[in-house]
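Start counting at 1 in the sequence shown, then tack on 257, and there's your number in my numbering. Note sheet for the following structure.
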Amino acid sequence: MLLEQEPRLRELRVFDLHLSSWLEELKTGPVQVTPIQGDVTQAHQVAAAVSGAHVVIHTAGLVDVFGRASPETIYKVNVQGTQNVIEACVQTGTRFLVYTSSMEVVGPNVKGQPFYRGNEDTPYEALHKHPYPQSKAQAERLVLQANGRKVQGGLPLVTCALRPTGIYGEGHQIMRDFYLQGLRLGSRLFRAIPASVEHGRVYVGNVAWMHVLVARELEPRAELMGGQVYFCYDKSPYKSYEDFNMEFLGPCGLRLVGTRPLLPYWLLMLLATLNALLQWLLRPLLLYAPLLNPYTLAIANTTFTVSTNKAQRHFGYEPLFSWEDSRTRTILWVQGSTQ
Ligand SMILES: NC(=O)c1ccc[n+]([C@@H]2O[C@H](COP(=O)([O-])OP(=O)(O)OC[C@H]3O[C@@H](n4cnc5c(N)ncnc54)[C@H](O)[C@@H]3O)[C@@H](O)[C@H]2O)c1
Ligand SMILES: CC(C)CCC[C@@H](C)[C@H]1CC[C@H]2[C@@H]3[C@H](O)C=C4C[C@@H](O)CC[C@]4(C)[C@H]3CC[C@]12C
Numbered sequence: 258m259l260l261e262q263e264p265r266l267r268e269l270r271v272f273d274l275h276l277s278s279w280l281e282e283l284k285t286g287p288v289q290v291t292p293i294q295g296d297v298t299q300a301h302q303v304a305a306a307v308s309g310a311h312v313v314i315h316t317a318g319l320v321d322v323f324g325r326a327s328p329e330t331i332y333k334v335n336v337q338g339t340q341n342v343i344e345a346c347v348q349t350g351t352r353f354l355v356y357t358s359s360m361e362v363v364g365p366n367v368k369g370q371p372f373y374r375g376n377e378d379t380p381y382e383a384l385h386k387h388p389y390p391q392s393k394a395q396a397e398r399l400v401l402q403a404n405g406r407k408v409q410g411g412l413p414l415v416t417c418a419l420r421p422t423g424i425y426g427e428g429h430q431i432m433r434d435f436y437l438q439g440l441r442l443g444s445r446l447f448r449a450i451p452a453s454v455e456h457g458r459v460y461v462g463n464v465a466w467m468h469v470l471v472a473r474e475l476e477p478r479a480e481l482m483g484g485q486v487y488f489c490y491d492k493s494p495y496k497s498y499e500d501f502n503m504e505f506l507g508p509c510g511l512r513l514v515g516t517r518p519l520l521p522y523w524l525l526m527l528l529a530t531l532n533a534l535l536q537w538l539l540r541p542l543l544l545y546a547p548l549l550n551p552y553t554l555a556i557a558n559t560t561f562t563v564s565t566n567k568a569q570r571h572f573g574y575e576p577l578f579s580w581e582d583s584r585t586r587t588i589l590w591v592q593g594s595t596q
């Protein structure tokens, strides 16, 4: 997105624990693309990568709500890693920092309270127990508190945080997992969550576009945007998690069976709890990390949707991809990813 949309771009450094082969394909144009294999938990590696950069987009993170990684590892990558990025900016004199936060810093909360089409100012008790939302919330706080800190050279750091809802699009592995599971079940999936529970979703291309716009506008609009949070949103329809997935999986030949959940909620919660118990029992032998656990069930079963125009008001954001384009691109990816 940066290469396509930012004419002033001179160099793009991509810092990641795992470098993908597609990065090589980006090296063919006039902009220098520099892949750097590194770990955000290693402060010196981050500082070396950041040195000389005009703007940092910090999107690296450990996304784990399935119990694959320990809470300590999640904290180290998401919180300590973010602190390292902030310190690297301060030490090297980089003034603009965009952080990929998450809707999860707000909710759904431990009380399972709905957040219905809320905005950045909607009151909501952001109470979390799970390490992933806790770590993202702590990292976001660090980023916002760092706004205004003096960087090397004496000028102030300008930071802001973007909070995507559930991201979908090309590369969405969970969508592909549901597709493969549906194929195994005879081209069917069985409804587990009531259709009335709305779940916020946003297309990956629009998330990227919003990051590019923020990176571009942070300098001229530092006063307005510094220290701010923005939900990432687009025109994707409000639907339940499963009904939304069917927008893509339906055209790929799957159908969602049932207008109501096949199993009662208490039974699903029992299964989710059994999964958590099995995960704990099996941990010394193997990693058992199914999609269904009490936390993922709670997220999927709690309404959380946003309705806001803050990004449009503050930096002129309009989605780059229409809902129709986002849908088509995702369907093509699901179809292509399993062949
Ligand atoms: N997927 C979603 O629905 C969603 C929603 C809201 C916010 N987010 C946030 O967006 C960001 C990207 O998430 P994603 O879904 O693309 O996940 P992802 O796992 O595909 O991407 C995370 C990237 O971070 C890298 N990374 C992990 N640990 C690292 C480390 N120690 N050092 C350097 N790089 C490291 C990974 O290699 C990977 O490329 C994360 O910060 C996540 O919290 C994701
Ligand atoms: C109960 C089962 C039938 C369905 C289980 C679906 C479950 C794996 C899905 C539902 C909601 C998904 C999360 C949601 O889209 C938002 C985010 C925020 C983001 O920062 C990280 C990913 C995450 C937690 C999604 C993970 C997968 C979830 C829980």
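Heads up, the beta-carbon is just placed ideally off N, CA and C, and yes, glycines get one too. Predicted model only: the values in this text are computed from it and were never measured.
Neighbour-count burial assignment, residue i, 16 or more Cβ in a 10 Å radius
i: I293; result: exposed
i: F447; result: exposed
i: Y389; result: buried
i: S277; result: exposed
i: W590; result: buried
i: H275; result: exposed
i: P541; result: exposed
i: E361; result: buried
i: G369; result: exposed
i: S493; result: buried
i: D378; result: exposed
i: F461; result: What sits at residue 461 in the sequence shown is Val, not Phe. Burial call: buried.
i: V363; result: buried
i: L269; result: buried
Proximity below 7 Å, CB of residue i to CB of residue j
i: F488; j: R420; result: yes
i: F459; j: I424; result: Looking at the sequence provided, one finds Val at residue 459 rather than Phe. Cβ distance < 7 Å, so V459 and I424 count as in contact.
i: V408; j: L475; result: no
i: S497; j: R374; result: no
i: A533; j: P551; result: yes
i: K386; j: S359; result: no
i: C509; j: Q438; result: no
i: A383; j: V400; result: no
i: L511; j: S444; result: yes
i: N502; j: F435; result: yes
i: A472; j: I314; result: yes
i: N335; j: A396; result: yes
i: A529; j: L544; result: no
i: G338; j: T298; result: yes
i: Y574; j: M467; result: yes
Spatially closest choice to residue i from the options, by CA coordinates
i: T598; options: Y552, L534 and V464; result: Given that the chain is displayed from residue 258 to residue 596, the structure contains no residue 598 and the question cannot be resolved.
i: Q504; options: G426, G338 and L399; result: Note that residue 504 is Glu in the sequence shown here, rather than Gln. Among G426, G338 and L399, the Cα nearest to that of E504 belongs to G426.
i: W279; options: A396, V486 and T291; result: T291
i: I431; options: P521, K492 and V322; result: V322
i: D500; options: R398, V454, K492 and P328; result: V454
i: D491; options: T316, T422, F572 and V363; result: T422
i: L513; options: L442, S308 and Q340; result: L442
i: S324; options: L539, D582 and L269; result: Rather than Ser, the amino acid found at residue 324 in this sequence is Gly. When only C-alpha atoms are compared, the closest one is L539.
i: F572; options: P287, L481 and T553; result: L481
Span separating the alpha-carbon of residue i from that of residue j
i: L577; j: A310; result: 26 Å
i: I588; j: F372; result: 28 Å
i: R584; j: A555; result: 26 Å
i: A345; j: L354; result: 11 Å
i: P365; j: V342; result: 27 Å
i: G318; j: W523; result: 33 Å
i: P380; j: Y495; result: 20 Å
i: L440; j: R433; result: 11 Å
i: Q485; j: M526; result: 37 Å
i: P477; j: R265; result: 14 Å
i: T595; j: V312; result: 37 Å
i: R586; j: P328; result: 35 Å
i: W537; j: P547; result: 12 Å
i: R398; j: V320; result: 18 Å
i: L535; j: T330; result: 21 Å
i: L531; j: D582; result: 40 Å
i: A300; j: Q340; result: 9 Å
i: N566; j: S579; result: 16 Å
i: Q391; j: T553; result: 15 Å
i: P287; j: T559; result: 47 Å
i: P413; j: S308; result: 16 Å
i: T316; j: N376; result: 22 Å
Whole-angstrom C-beta distance between residue j and residue i, which should lie under 8 Å
i: Q302; j: D296; result: 6 Å
i: Q348; j: A304; result: 6 Å
i: A557; j: H429; result: At roughly 15 Å, the Cβ-Cβ gap does not stay under 8 Å, so A557 and H429 are not in contact.
i: A452; j: T516; result: 7 Å
i: A449; j: L520; result: 7 Å
i: V469; j: L259; result: 6 Å
i: G405; j: G483; result: 7 Å
i: A326; j: F272; result: Wrong, their Cβ atoms sit about 20 Å apart, outside the cutoff.
C-beta neighbour in chain D for residue i, strict 7 Å
i: N550; result: Absence of chain D from the displayed structure is noted, only one protein chain being present.
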